[in-house]
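Notes follow the structure.
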Amino acid sequence: MSQPHIHHFDAVIVGAGGAGLMAALHASKSVKVAVLSKLYPTRSHTGAAQGGISAALANKDDETDSWEWHAYDTVKGSDYLADQDTVDVMCKEAIDAVIELEHMGLPFDRFPNGKISQRRFGGHTNNETGKPVHRACHAADRTGHMILQTLYQQCIKNNVNFYDEYQVVDLIRVGNQVRGIVAVDIATGDFHIFHSKAVLFATGGWGRCWEVTSNAHSLTGDGAAICLRRGVPLEDMEFFQFHPTGIFKLGILITEGVRGEGGVLLNADGERFMERYAPSIKDLASRDVVSRAIYLEVERGKGINGKNYVHLDVRPQTVNAYFEKEGETKRIDDAYIEAKLPDIADFTRTYLGIDPLKEPMPVQPTA
2 MSQPHIHHFD AVIVGAGGAG LMAALHASKS VKVAVLSKLY PTRSHTGAAQ GGISAALANK
62 DDETDSWEWH AYDTVKGSDY LADQDTVDVM CKEAIDAVIE LEHMGLPFDR FPNGKISQRR
122 FGGHTNNETG KPVHRACHAA DRTGHMILQT LYQQCIKNNV NFYDEYQVVD LIRVGNQVRG
182 IVAVDIATGD FHIFHSKAVL FATGGWGRCW EVTSNAHSLT GDGAAICLRR GVPLEDMEFF
242 QFHPTGIFKL GILITEGVRG EGGVLLNADG ERFMERYAPS IKDLASRDVV SRAIYLEVER
302 GKGINGKNYV HLDVRPQTVN AYFEKEGETK RIDDAYIEAK LPDIADFTRT YLGIDPLKEP
362 MPVQPTA
């Protein structure tokens with residue numbers, strides 16, 4: 002067996018998704034950084050994030066919003082289990098984070114007033130009226146893809162060192178201090194030892210534990226497992242989110258942005274059942290509420306054709322009918338859906354053979 006390759010860095014970051022790349026970019030301004038990923042960075046799972054980034058910019062002309070409302074919605078959506086101080090920091094800093102990404106070149110959609118476009122998302126409310134607000138900043142329905150591309154180019158510009166297709170297998174721990182990591186070059190099988198003053202894990206989730214998941218095959222939880230084996234404490238492992246609208250059986254996400262643009266969930270009777278579960282915000286309730294509602298509808302025998310899914314309908318005639326019923330002046334057409342949700346339209350045509358402009362989409366909760 003050949004001798005391992007030895008490397009020395011100030012900081013090593015494991016994982017090259019949105020969190021890992023942003024951490025690497027900021028660290029690179031003052032220290033020598035290495036990023037290890039078992040995928041090419043722009044293939045990381047952040048690219049599957051579609052709908053948008055929550056930030057209370059209040060860019061829509063006829064709406065108000067605030068980070069305090071965003072924080073309240075976040076705490077409420079967590080069933081009051083979230084660390085509220087951390088939530089405050091996140092919601093305050095989300096505004097600057099979106100502006101920072103824009104300055105880096107992320108091509109956000111725009112409102113007619115020229116400001117970053119925002120759409121309605123699940124659980125985003127005006128805390129005074131209880132009605133939905135436009136809070137999710139988006140680049141069509143491929144926001145995560147744009148984040149990866151933007152951050153990766155900025156990291157290259159700032160001379161971040163990338164080790165692509167490297168599988169991290171262990172931490173180097175001396176006493177109570179972590180001194181680096183051990184990795185395998187997937188292409189050659191060679192071992193590499195990375196000595197560093199700091200190690201950051203940003204390895205994403207472990208959705209492959211579930212039969213139906215939106216997660217790529219790479220999301221197997223090995224980062225968390227490495228830390229656990231070396232005695233690093235893990236927190237809140239039981240909180241794994243279920244998204245209410247994955248493609249039936251496949252788990253591929255249908256972004257919340259579909260409902261943000263007016264799409265509605267219908268059971269086997271053609272009933273907009275979220276009117277019973279969340280009368281104020283209906284289909285734009287938080288993800289756990291909508292996921293449970295779909296589960297309960299299926300349990301009641303209201304799944305489509307007796308199966309474990311319901312319909313998500315974004316056909317313009319359906320959406321416009323509900324807009325009119327609710328007294329909204331907004332109207333949409335086929336071109337609007339194609340412009341705002343191009344990837345979703347493509348996914349459903351490719352994987353289901355369904356044109357979402359003509360047929361509702363079969364969806365079920367997905368890990």
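Read in order, the letters of the sequence shown correspond to residues 2 to 368 in the working numbering. Don't be surprised by glycine CBs; every beta carbon is placed ideally from N, CA and C.
Alpha helix (DSSP H) containing residue i: first to last residue?
i: residue 100; result: 85-105
i: residue 347; result: 343-348
i: residue 148; result: 144-158
i: residue 294; result: 288-300
i: residue 75; result: 68-78
i: residue 275; result: 275-278
i: residue 324; result: 317-326
i: residue 259; result: 258-261
i: residue 218; result: Note, residue 218: premise wrong, no alpha helix (DSSP H); not H, not E.
i: residue 26; result: 19-28
Alpha carbon to alpha carbon, what distance is there between residue j and residue i?
i: residue 274; j: residue 50; result: 26 Å
i: residue 144; j: residue 48; result: 8 Å
i: residue 200; j: residue 265; result: 44 Å
i: residue 290; j: residue 244; result: 10 Å
i: residue 318; j: residue 215; result: 29 Å
i: residue 166; j: residue 15; result: 11 Å
i: residue 240; j: residue 206; result: 11 Å
i: residue 156; j: residue 25; result: 7 Å
i: residue 59; j: residue 344; result: 26 Å
i: residue 140; j: residue 255; result: 15 Å
i: residue 361; j: residue 267; result: 9 Å
i: residue 314; j: residue 208; result: 26 Å
i: residue 52; j: residue 297; result: 25 Å
i: residue 299; j: residue 81; result: 28 Å
i: residue 33; j: residue 225; result: 24 Å
i: residue 301; j: residue 322; result: 27 Å
i: residue 280; j: residue 132; result: 10 Å
i: residue 42; j: residue 158; result: 15 Å
i: residue 109; j: residue 341; result: 12 Å
For residue i, I'd like the list of residues in its chain whose CB is within less than 6 Å of its CB, leaving aside the five on either flank, ordered along the chain.
i: residue 283; result: 275, 276
i: residue 213; result: 252, 367
i: residue 231; result: 172, 174
i: residue 28; result: 12, 34
i: residue 179; result: 172, 200
i: residue 127; result: 134
Would you mind reading off the limits of the beta strand (DSSP E) that contains residue i?
i: residue 167; result: 167-175
i: residue 198; result: 192-202
i: residue 122; result: 119-126
i: residue 362; result: 362-367
i: residue 186; result: 178-186
i: residue 137; result: 133-138
i: residue 266; result: 265-267
i: residue 223; result: Note, residue 223: premise wrong, no beta strand (DSSP E); alpha helix (DSSP H) at 223-230.
i: residue 59; result: Unbroken run through residue 59: none, as it is neither H nor E.
i: residue 12; result: 6-15
i: residue 35; result: 34-38
i: residue 237; result: That residue, residue 237, is in no beta strand (DSSP E); it is neither H nor E in DSSP.
i: residue 43; result: Counting along the chain, residue 43 falls outside any beta strand (DSSP E), and DSSP gives it neither H nor E.
i: residue 311; result: 311-314
Taking its Cβ as the centre, do 16 or more other Cβ atoms sit within 10 Å of residue i, making it buried, or is it exposed?
i: residue 260; result: buried
i: residue 310; result: buried
i: residue 106; result: exposed
i: residue 164; result: buried
i: residue 130; result: exposed
i: residue 365; result: buried
i: residue 182; result: buried
i: residue 92; result: buried
i: residue 1; result: Look at the range of the chain in this structure, 2 to 368, and you will see that residue 1 is not part of it.
i: residue 153; result: buried
i: residue 21; result: buried
i: residue 94; result: exposed
i: residue 238; result: exposed
On the premise that residue j lies in contact with residue i, defined as a C-beta separation below 8 Å, what is that separation, rounded to the nearest angstrom?
i: residue 136; j: residue 83; result: Residue 136 to residue 83, Cβ: 17 Å. No contact.
i: residue 262; j: residue 355; result: Incorrect: roughly 17 Å between the Cβ atoms, too far for contact.
i: residue 117; j: residue 19; result: Residue 117 to residue 19, Cβ: 17 Å. No contact.
i: residue 250; j: residue 316; result: Between residue 316 and residue 250 the Cβ distance is about 22 Å, and since that is not below 8 Å, they are no contact.
i: residue 121; j: residue 134; result: 7 Å
i: residue 123; j: residue 285; result: 5 Å
i: residue 74; j: residue 125; result: 6 Å
i: residue 308; j: residue 270; result: Not really, about 15 Å apart at Cβ, beyond 8 Å.
i: residue 88; j: residue 76; result: 6 Å
Below 8 Å CB to CB, which residues in the same chain sit around residue i once its five sequence neighbours on both sides are set aside?
i: residue 191; result: 3, 5, 6, 185
i: residue 1; result: Shown here, the chain extends from 2 to 368; a query on residue 1 therefore has no answer.
i: residue 196; result: 7, 8, 9, 10, 173, 180, 181
Hey, is residue i's beta-carbon within less than 9 Å of any beta-carbon in chain B?
i: residue 70; result: Considering every chain present, this structure includes no chain B. It has just one protein chain.
With hydrogens ignored, establish whether the beta-carbon of residue i is closer than 8 Å to any heavy atom of the ligand GDP.
i: residue 147; result: In the structure on display, the ligand GDP does not appear, and there are no ligands present to speak of.
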